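One structure below.
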Amino acid sequence: MARSPQTMPVPEKTRSSARIARPPSSPTLGSTVVLARWRLQRTLGMLFVTGIGMIAAVLIVCAVPLYSQVSTTAGLHSIFTATPDSPTMDIHATMAGLSSSIVNEVNKRIAAIPQNTIVPYTSGSVQFSIQSQGFNIAVPKQANAATSLTISGYSMNQAASHIHLLEGNLPQSTSKNLQVLLTQQTAQQLKVHVGSLIYIKFNAFTAQDISDTSEYVIDQNLPLLVSGIYTPSTTNDYFWHGTTLDPVLAKRESPASIYYFHAIASNDGILAAVDSTIQHLNKSQTNGVVFTSLFSELYWYYRLDPSKFSISNVDNLSNNLATVQSRIADNYGKVITAPDYPYIETAVTEGALLSTYQGPGTLDLFRNRVDVAQIPVTILMVEVVALVLFFVSMMAELLVERQFDSIAVLRSRGASRRQIFGSFVTQSVGLGVIAFIIGPILALITVLLLIQATLGANGQSALNVITGHPLSIVLFLAAYAAIAVVVAILAMSFSTFRAVSFDVLAIRRESARSTTRPFWQRLNLDILAIIVALTGYGISIYLNNLQGLDAQTRVLVQAPLSLIAPTFLVLAGVLLLLRLFPLLLRLGALIATRGRGAPAVLALGQMARAPRQSVRMALLLALASAFAIFALVFTASQAQHVLDIAAYQVGSDFSGTILSATSQTAFQKQQTMLQHIPGIASVTMGYKDNYQTNSANPSPVTMLAVDANTFAQTAIWNVPGVNLSSLMQQLVAQRQSAVSNDAVAVLVDSLTWSRLDLSPGAKFSVQV
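For the sequence shown, the working numbering gives the first residue as 39, with consecutive numbering after it.
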């Protein structure tokens, strides 16, 4: 018979010693760091893979917005280099009178408006020009043709680099006569040379004579001295703003044909000649002004420098342009026939960048399209980053699960939850710091390589976004990197917190048979994803059928829906499959038991009892495959969409603007001439203009008048189910009825159809 051992009493001193040797309840930072370093030696491989995932997350989060900023800036720069005059905004003032004092006063008033808003974005100094046109050349006369001379004044310091002198010198303002430059063709047509005098005739009167027609002075003769013969330094030089410098003959039967000539002078020389004319008309008037029936115009040209702005401050530039445009229109937009001092009849802002009542300018068009393009880019970036962070969290869970036994042993030997949790968080923070340092550097290198590989010269010029503002780029990347690192650390901390709550018994029970449902199953995220996907598709279908919705709003709303709805549909499908995955494993295990092989039964049985690990791996693989396929499809769709937009904007392989045909014969002659250009398969010509409807709420309408006989053979038409040739045949068939009924047959788009509430055969009118 066995006897139970006798329980001996423990001395009081021993009990006290045991209490003293017990570890403290609150861990110190040092013990946490020591424990983290000890665990690092045992989990270095898993930590390395987790760190790679965190670096990848930071890399993507930093590279996508940085590359998007540089690429959109390159696109912004491209609209400023499309044509020589693309980056130019000019202010054009029509004057009733002219003199040196008047020009100085107008300069103070008008040039001050864009001084603080537009000038900081310009390259070099503002180009100022005085232009007067309609002068009749009295000497030398042209046989069988009238003459009209335009004199353009420039600053000779600015114009010198754009002029190639063939003979003579640049115009000087100190000469007795107004000195001018002529092109070689103009000099040959006028039969003049350097040193010759050209006399021009115009009507003029002073401010004293403006109300007294009996004092009207006519036939003022102004001598022009030919100081040089020149040619522009380069073809299509932006400095001349598309001005035709060589003579142009406008042939007409009645009245007589007109020769249009052009001469260049200095601004100071023109003003000196005007002041001399004033003194000649009324010597007692020392601060007068000369009025003329000719056009006297002042131009201020502001050439924007693309290197001084990027996509980040393009909104500020657009607002500044709109402010200048609004102030000029408010102060000088209304035409005044008899203006007071300083005799400004009207002033307008011009340029392709500016928006008008006819439609948005190139800058606003670009901004609108960038806003639309940023939506799918941002959504895709969020999806990819979420996938990477899911990978990071999964690696963190694997890292912790691999150490469940060690955690349980540490817990049983007195280590507190805080110490264990702190050691893992310390490792996470260490990985986060490494990713925060390395990730932005790799993102910067990646963006530079992508720019060199994908973007052209505009992309290289857009690099000043990175190289020109290093501090702002560092802060820009640091913000995105910090967000990615914090989210990754939180994901790892959440996985660690869940793991440290297990003891040895719970770990053995969970490894034998999983009893805890995943987080997404407890919240029914698969059902939520299905609801979001179906809602997105429903809204998209509703918007497609909604009448009267403007195109801009439709695009801004449908673009995110077209990405969000499929994403949630894929996510819902994957999660629903994973919800059924344990049942499929059990079914597989049941089928495997009918066979003779043990490995399949053991594998499927173990996976069916604890499917957590296999479910996570399947989820990661499914999401990665789905997003990869989705990204490829999206890229191909966007590439095709760019081609569709270009085809819609151009209308055919290429298009352009030509001089208006004055008659049906001239129209056909121009079309025949274009048809014979080598490589041209078909040509169509037409007219395009903007009008407003005659209704209570006028709407802008762009009218395109086409040649129905040739339009279908030339235009690009990608509307499914609608044959362009049959539409053109309908227009041809209704030509006679259009003449007899005084109503033109038109084809309208769906937006016009719904906005004007039209039906087949209905009529509407526009303001011409």
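In this text, a Cβ means the ideal position worked out from N, Cα and C, and glycines have one as well. Every value quoted in this text rests on a predicted model; they were computed, and no experiment measured them.
In the structure shown, the three-state DSSP call for phenylalanine 333 is strand. In this model, lysine 214 and glutamine 196 are separated by some 23 Å (Cα to Cα).
Within the same chain, and ignoring the five residues on either side of aspartate 727 in sequence, the residues whose Cβ sits closer than 7 Å to its Cβ are Met741. Burial check for serine 199: the Cβ neighbour count within 10 Å stays below 16, so the residue is exposed. If only complete runs of 3 or more residues are kept, the segment 270 to 303 shows the beta strand (DSSP E) at 286 to 288, in order along the chain.
The Cβ atoms of threonine 400 and alanine 120 sit closer than 9 Å to each other. Looking at Leu336, Leu104, Thr111, the one whose alpha-carbon comes closest to that of serine 193 is Leu336. Around serine 356, the same chain offers Leu401, Asp402, Arg405 as residues with beta carbons nearer than 8 Å, after the five sequence neighbours per side are excluded. Note: phenylalanine 462 is not bridge-paired with any residue in the DSSP secondary-structure output. Listed in chain order, the beta strand (DSSP E) elements of length 3 or more contained wholly in the segment 468 to 503 amount to none. With a threshold of 16 other beta carbon atoms within 10 Å, glycine 233 falls short and is exposed. Two segments are said to touch when three or more pairs of C-beta atoms, one from each, lie closer than 8 Å; by this definition the segment 105 to 112 touches the segment 499 to 509.
In this structure, threonine 188 sits away from leucine 342, with a CB-CB distance that is not shorter than 9 Å.
With distances taken between CA atoms, tyrosine 518 lies nearest to Ala94 out of Thr88, Ala94, Gly83. Rounded to the nearest angstrom, the gap between the Cα atoms of leucine 136 and valine 739 is 40 Å. With contact defined as three or more Cβ pairs closer than 8 Å, the segment 762 to 776 and the segment 744 to 751 are in contact. Comparing C-alpha distances from serine 348 to each of Leu427, Glu383, His115 shows the shortest one belongs to His115. When the beta-carbon positions are compared, serine 345 and serine 444 stay at least 9 Å from each other. Secondary structure at aspartate 368: helix, using DSSP grouped into helix, strand and coil. Bounds of any beta strand (DSSP E) do not take in leucine 104; it lies within the alpha helix (DSSP H) bounded by 82 to 118. Burial of glycine 191 is indicated by the presence of at least 16 other C-beta atoms within 10 angstroms of its C-beta. Scanning Asn735, Ile417, Trp755 for the CA closest to the CA of phenylalanine 668 turns up Ile417. A check of alpha carbon separations from tyrosine 575 across Pro598, Gln559, Asn562 identifies Pro598 as the nearest. Taking 9 Å as the cut-off, the Cβ atoms of serine 295 and leucine 283 do not count as close.
Taking C-beta atoms as the reference points, alanine 526 and leucine 427 count as a pair closer than 9 Å. Lysine 239 and isoleucine 175 have their C-alpha atoms roughly 6 Å apart. In its chain, beyond the 5 residues on either side, Gln559, Asp564 have a beta carbon closer than 8 Å to the beta carbon of arginine 617. The C-beta distance from isoleucine 168 to isoleucine 308 rounds to 5 Å, short enough to fall under 8 Å.
Scanning Thr269, Asn182, Lys707 for the CA closest to the CA of glycine 206 turns up Thr269. The bridge partners DSSP lists for leucine 509 come to none. Here the alpha carbons of leucine 487 and glycine 477 stand approximately 15 Å from one another.
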